[in-house]
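What follows is a single structure, written as structure tokens, with notes after it.
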Amino acid sequence: MPWRMVAGLCLVLLLASCSHRVSPGRFEARAREVVARWDGSAGDRAWRSGFVLLGGLQDRGGWTDPPAWAALSAHNGVWKLAAELPADPLPEARLRWPDGAVSEVPLVTAADAYAELSKPADFIEEECPAKGCRPLRVTGVEPGQTTLETSRGTIRVPAWSFSVKGVESKFVYVAVAPSAITARPQAEKGEFEEVRGFDLIAGKSHELLLEYGHGSCDHVHGARAYETGNLVVVDVDEEGSSGPCNLMLKIARITVTLARPLGDRLVLDSGTGLPVVRGVRPPRK
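Count the sequence shown with the working numbering and you get residues 7 to 291, in order.
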């Protein structure tokens with residue numbers, strides 16, 4: 007599978023699939039390029055010892071059957087403040103990472119958190135109806151905690167919890183100041199994700215389970231890995247059909263065997279050159 011694809015190919019249904027098999031030599035050359043670009047970079051240092059957030063700053067993981075209007079109003083940024091926000095800033099927080107390391111981070115005020123929480127989404131998929139959305143009326147706010155997924159694992163952090171009239175669940179927004187958080191690295195223009203997740207196979211320290219996407223007519227030849235002392239670059243070797251095919255994307259899993267146990271080495275995707283997040287979703291039944 008390639009790391010660079012020409013934009014605009016295969017854009018309509020029933021076109022002939024694009025044949026894009028990468029030879030072992032080309033894969034190794036690309037893997038060396040990925041390693042040279044990532045190893046010891048600012049992104050590498052932040053991923054291993056900084057605060058790289060894998061999701062958003064708003065936590066809705068604890069929501070239980072929220073009313074449909076609430077999600078639509080939040081998406082469109084329709085809020086009304088009907089409570090006094092705490093004015094006093096919170097002191098710096100000490101965060102404890104899964105490996106035992108501790109970081110001190112600054113926090114934002116409730117007003118700052120509300121200003122971010124109440125913003126409309128960058129892209130409005132469904133506009134408010136003609137009569138408008140029902141406002142999310144904030145009736146209270148209190149400090150609390152929430153769980154975040156980061157490049158260094160799961161961590162508990164301070165958060166502001168907003169109560170909204172008519173909504174049983176709280177709206178929770180992370181209280182850690184943006185200055186303490188490093189944005190997740192993004193693929194460069196023309197580079198596309200190949201491997202979207204990985205996991206260790208129980209009892210087999212040399213084997214990784216990779217999750218990847220492929221076309222419904224693609225032929226998968228296997229998975230490959232390029233290893234160094236600090237990194238493992240992975241790739242799925244696939245080839246498009248020579249005949250017409252639809253553009254349905256399928257999610258699949260495949261194993262790859264390493265020369266030695268993964269240990270604390272990072273796994274990088276050969277397509278983007280970026281870390282692959284650990285975690286493979288179970289297949290649908």
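Don't be surprised by glycine CBs; every beta carbon is placed ideally from N, CA and C.
Span of the alpha helix (DSSP H) around W103: First-last for W103: undefined, no H or E at that position.
S109 - partner residues in DSSP beta bridges: In DSSP, S109 forms a bridge with L101.
Alpha-carbon to alpha-carbon, V40 and V283: V283 and V40 have their C-alpha atoms spaced approximately 16 Å apart.
Within 8 Å, strictly: CB atoms of E244 and V226: yes
Three-state secondary structure assigned by DSSP to A265: coil
Pair within 8 Å by beta-carbon distance, L216 and F204: yes
P8 classed as buried or exposed, judged by whether at least 16 other C-beta atoms fall within 10 angstroms: The predicted position of P8 is uncertain, since its pLDDT is 41 and thus under 50; no value can be drawn from it.
Collapsed DSSP secondary structure at F129 in the structure displayed: coil
A229 to V286 span [Cα, whole Å]: 16 Å
Contact set for A13: own chain, Cβ-Cβ below 8 Å, skip 5 residues either direction: Note on A13: pLDDT 36, under 50, position unreliable in the model; the coordinate value appears next. Once the five neighbours on either side are set aside, the close Cβ partners of A13 are G196.
Residue environment, S211, which counts as buried when at least 16 other CB atoms sit within 10 Å: exposed
Identified DSSP bridge partners for P149: W166
Neighbourhood of L113 by C-beta distance below 8 Å, restricted to the same chain and skipping five residues each side: P95, L96, P97, E98, A99, P164, A181, V182, A183
Close Cβ partners of L255 (< 6 Å) along its chain, the five nearest in sequence each way excluded: The answer, listed in chain order, is G219.
Per-residue burial, S47 [other beta carbons within 10 Å of its own, 16 or more giving buried]: exposed
Inter-residue Cα distance where the pair is R140 and A93: In a straight line, the C-alpha of R140 is about 27 Å away from that of A93.
Close Cβ partners of L264 (< 8 Å) along its chain, the five nearest in sequence each way excluded: H212, E213, L214, A231, E233, V238
Distance between G56 and C16 (C-alpha atoms, nearest Å): With a pLDDT of 39 at C16, under the threshold of 50, the modelled position of that residue is not reliable, and no figure is offered here.
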